[in-house]
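In our numbering, each residue's number is its place in the sequence shown (first place is 1) plus 5. A short worksheet on the structure shown next.
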Amino acid sequence: MATTATWLDDAVFYEIYPQSFRDTNADGIGDLQGIIDKLDYVAYLGCTAIWLNPCFVSPFRDAGYDVSDYCRVAPRYGTNEDLRRLFVEAHSRGLRVILDLVPGHTSSDHPWFIESMKADRNAYTDRYVWTDNIWKGVKGMGVLTGISERNGAVATNFFSHQPALNYGYANPDPEEPWQQPVDAPGPLATRQAMKDVMAFWLDLGCDGFRCDMAHSLVKEDEGERETIKVWRDMRAFLDETHPEAILISEWGIPDHSLQGGFDMDFLLHFGPSHYNDLFRVEKPYFAGEGDVSAFVARYEESREASGGKGLMCIPSGNHDMDRLAGHIPAELLEISFAFLLSMPGAPFIYYGDEIGMDHVRGLKSVEGSYWRTGARTPMQWDDSLNAGFSSAPASELYIPLDPNPARPTVAAELDDDDSLLHRVRRLIEIRRAHPALQSTGDVSFVYAEKDAYPFVYLRSEVDAAGEVVEGGERVLVVLNPSATPASFEAPEGLVPGEALYEFGSPVSQSGRSVTVPAKSAGFYLVG
Ligand code: NOJ
6 MATTATWLDD
16 AVFYEIYPQS
26 FRDTNADGIG
36 DLQGIIDKLD
46 YVAYLGCTAI
56 WLNPCFVSPF
66 RDAGYDVSDY
76 CRVAPRYGTN
86 EDLRRLFVEA
96 HSRGLRVILD
106 LVPGHTSSDH
116 PWFIESMKAD
126 RNAYTDRYVW
136 TDNIWKGVKG
146 MGVLTGISER
156 NGAVATNFFS
166 HQPALNYGYA
176 NPDPEEPWQQ
186 PVDAPGPLAT
196 RQAMKDVMAF
206 WLDLGCDGFR
216 CDMAHSLVKE
226 DEGERETIKV
236 WRDMRAFLDE
246 THPEAILISE
256 WGIPDHSLQG
266 GFDMDFLLHF
276 GPSHYNDLFR
286 VEKPYFAGEG
296 DVSAFVARYE
306 ESREASGGKG
316 LMCIPSGNHD
326 MDRLAGHIPA
336 ELLEISFAFL
346 LSMPGAPFIY
356 YGDEIGMDHV
366 RGLKSVEGSY
376 WRTGARTPMQ
386 WDDSLNAGFS
396 SAPASELYIP
406 LDPNPARPTV
416 AAELDDDDSL
426 LHRVRRLIEI
436 RRAHPALQST
446 GDVSFVYAEK
456 DAYPFVYLRS
466 EVDAAGEVVE
476 GGERVLVVLN
486 PSATPASFEA
496 PEGLVPGEAL
506 YEFGSPVSQS
516 GRSVTVPAKS
526 AGFYLVG
């Protein structure tokens, strides 16, 4: 269960949306060579790993989450050989690379689906969730009908061009024989196909996978129990063949996902985690007038329920949600990063968040992006043509650039020692120098009251068994994004000592009472 790799312990990930990172062949769309060219930048930032969104052959009606060939790089990004080279180049800089595995559905253009649409039985007849009558739907799911000679409706997993792969039903209805048990030949073949895909890319040199909609595999699965079992089986396969491969789930319920053998689960904009309370509600906590207590309560519950089986990740954002800078004022972004980079679980920085790229409003949907377009605009490298993203005419860019003449760029921020980029880089450096602040270090919440500031927690070094090391390093994290000073009573023995990091004015103490200045953040060693 879970990987044997230990590199997640001090990992910091950088998410790259390949379309929008760097275009080297002037077609207006980013490519693998562009990513290779910028690996030094990712390493300079201090990141140790990359998550690459899907880069496989696809009709791109959901930006590549609609795969039509799992084992071939989409020509617009390059070739399999380019991806192999990316792995080699990344590894030579100490960077790992995880790919995006989309196990729940394919594109309706996938050859498996084309075969499954045929009336005559073939090897792919049971690859998707088909009913046995064109007028019969699938409870709780969208369906595609009237598209084939096969008499049935097929369940869709997300958009209606993404038919659901068949992993079976948790409790198939005997009256509906098209609902297959999880261990029927069709569902088992789907599972095997996904194992083959993983092995293919791991053999080419990738380090693991972020698994899309990982919760969505088995249908009508109360408590997601059968889906958890499917993932355990996938993990067992990796344990035998590629024990170092890591698996990270897009699930949003660590209490479930980590039982499936995932090394880490994302807390996300959907699901019960209250992640949105931090950055993406009307009054986000890190914008200075919100509440963190529900997030903390749920975090504690998840930690308890998952029994230390794996990690929980709090990403800065991703390609599905509004950009952080679209909700948090620029002057407070650093405090958000102080939080993101001092919590357990490996942090994920969404490309461009480290320079404060804005959420661009009012853009048209591109390749199924809809509400997400504004978070997917091209990376802003410098002041040259198209912000250094591409030399194609501006009208041919995949998504238009942020039109704001004051938009941030990497080049300008590299030149300014006080920029967000340098501050994020320093925070990463501090995290990586202090085991207490890293992925597996313990966290205990000292002050996280309802509708109140500051937010205070203690990070402690742990041993290999996850136990807090007696006399080990302890770091008190004190965050106050609000516009007024706030105070808390330090518990016995937890008075802030030497500062490892400070933003804004330092805290002041009178006995055990600690006053935290407005708009400030600090990491303090405690004895
Ligand atoms: C989650 C992905 O992050 C999102 O971009 C995609 O549209 C859906 N899953 C469907 O695969």
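For glycine and all other residues, C-beta sits at the position ideal for the given N, C-alpha and C.
Reduced DSSP category for residue i - H, G, I as helix; E, B as strand; rest coil
{"i": "ASP131", "result": "coil"}
{"i": "TRP56", "result": "strand"}
{"i": "ALA491", "result": "strand"}
{"i": "GLU372", "result": "coil"}
{"i": "ASP105", "result": "strand"}
{"i": "PHE65", "result": "coil"}
{"i": "VAL521", "result": "strand"}
{"i": "ALA399", "result": "helix"}
{"i": "SER97", "result": "helix"}
{"i": "HIS110", "result": "strand"}
{"i": "GLN264", "result": "helix"}
{"i": "LEU463", "result": "strand"}
{"i": "SER165", "result": "coil"}
{"i": "ASP32", "result": "coil"}
{"i": "ARG215", "result": "strand"}
{"i": "SER515", "result": "strand"}
{"i": "GLY2", "result": "Lying outside 6 to 532, the shown extent of the chain, residue 2 is not represented and no answer is given."}
{"i": "GLU359", "result": "helix"}
{"i": "ASP447", "result": "strand"}
Integer Cβ distance of residue i from residue j, believed to fall under 8 Å
{"i": "PRO405", "j": "LEU463", "result": "The Cβ separation is near 45 Å, so there is no contact."}
{"i": "LEU402", "j": "GLY33", "result": "5 Å"}
{"i": "ILE319", "j": "LEU272", "result": "5 Å"}
{"i": "PHE394", "j": "ARG81", "result": "That pair is no contact at about 15 Å."}
{"i": "TRP183", "j": "ASP137", "result": "4 Å"}
{"i": "CYS52", "j": "VAL78", "result": "Wrong, their Cβ atoms sit about 22 Å apart, outside the cutoff."}
{"i": "MET199", "j": "MET269", "result": "Not confirmed; about 19 Å, so no contact."}
{"i": "LEU425", "j": "VAL415", "result": "Not confirmed; about 11 Å, so no contact."}
{"i": "MET326", "j": "HIS279", "result": "The Cβ separation is near 14 Å, so there is no contact."}
{"i": "VAL159", "j": "LEU149", "result": "5 Å"}
{"i": "GLY99", "j": "ALA16", "result": "Not really, about 11 Å apart at Cβ, beyond 8 Å."}
{"i": "LEU337", "j": "PHE291", "result": "6 Å"}
{"i": "PRO490", "j": "VAL521", "result": "6 Å"}
Reference residue i, options the options, closest by Cα
{"i": "HIS502", "options": "ARG479, VAL531, PHE267, ALA526", "result": "As written in the sequence, residue 502 is Gly, which differs from the His given in the question. The option with the nearest alpha carbon to GLY502 is VAL531."}
{"i": "VAL467", "options": "TYR375, ASP14, VAL521", "result": "ASP14"}
{"i": "GLY498", "options": "PRO59, ALA95, ARG517", "result": "ARG517"}
{"i": "ASP363", "options": "SER347, ALA399, SER321", "result": "SER321"}
{"i": "GLU372", "options": "ILE119, SER63, ILE40, TRP56", "result": "SER63"}
{"i": "LEU50", "options": "GLY315, GLU434, VAL134", "result": "GLU434"}
{"i": "LEU419", "options": "LEU263, ARG430, GLN514, ARG285", "result": "ARG430"}
{"i": "HIS166", "options": "ASP71, ALA10, PRO179", "result": "ASP71"}
{"i": "SER254", "options": "THR246, PRO248, HIS247, MET239", "result": "MET239"}
{"i": "LEU170", "options": "GLY210, LEU283, SER221, GLU181", "result": "SER221"}
{"i": "VAL519", "options": "TYR506, GLU494, ALA526", "result": "GLU494"}
{"i": "HIS2", "options": "PRO289, PHE291, THR378, ARG285", "result": "In the structure as shown, the chain starts at 6 and stops at 532, and residue 2 therefore has no counterpart that could be examined."}
{"i": "THR130", "options": "GLU336, ALA491, PHE242, ALA189", "result": "ALA189"}
{"i": "GLY35", "options": "LYS43, ILE41, SER25, ASP42", "result": "SER25"}
{"i": "ARG196", "options": "PHE214, ASN30, GLY173", "result": "GLY173"}
{"i": "PHE342", "options": "VAL483, LEU263, ASP407", "result": "VAL483"}
{"i": "ALA417", "options": "ALA392, SER262, ALA397", "result": "ALA392"}
{"i": "SER514", "options": "TYR529, TYR506, LYS524", "result": "Here residue 514 turns out to be Gln, not Ser, going by the sequence shown. When each option's Cα is compared against that of GLN514, the closest is TYR529."}
{"i": "ASP74", "options": "ASP114, ILE139, PRO408", "result": "ASP114"}
{"i": "GLU339", "options": "ASP244, ALA250, PHE508", "result": "PHE508"}
Segment limits, alpha helix (DSSP H) that includes residue i
{"i": "GLU434", "result": "425-438"}
{"i": "ASN485", "result": "Segment 479-485 is the beta strand (DSSP E) holding ASN485; no alpha helix (DSSP H) there."}
{"i": "ILE340", "result": "338-345"}
{"i": "GLY191", "result": "190-209"}
{"i": "GLY39", "result": "37-42"}
{"i": "ASP238", "result": "230-246"}
{"i": "SER311", "result": "298-311"}
{"i": "SER121", "result": "116-121"}
{"i": "ASP282", "result": "280-284"}
{"i": "GLU418", "result": "415-420"}
Where the beta strand (DSSP E) through residue i begins and ends
{"i": "SER254", "result": "251-254"}
{"i": "VAL148", "result": "147-149"}
{"i": "SER25", "result": "It is not in any beta strand (DSSP E) - SER25 carries neither H nor E in the DSSP assignment."}
{"i": "ASP270", "result": "269-271"}
{"i": "ASP74", "result": "74-78"}
Proximity test, Cβ basis, 8 Å: residue i and chain C
{"i": "GLU305", "result": "The structure shown contains no chain C; it is built from a single protein chain."}
The region 349-362 in contact with the region 328-337 per 3-pair CB rule at 8 Å: yes
Per the contact definition of three or more C-beta pairs closer than 8 Å, is the region 376-392 in contact with the region 342-353? no
For the 8 Å Cβ check, are there 3 or more pairs between the region 92-108 and the region 200-217? yes
Say whether the region 113-123 touches the region 216-236, bearing in mind that this needs 3 or more beta-carbon pairs closer than 8 Å, one atom from each stretch. no
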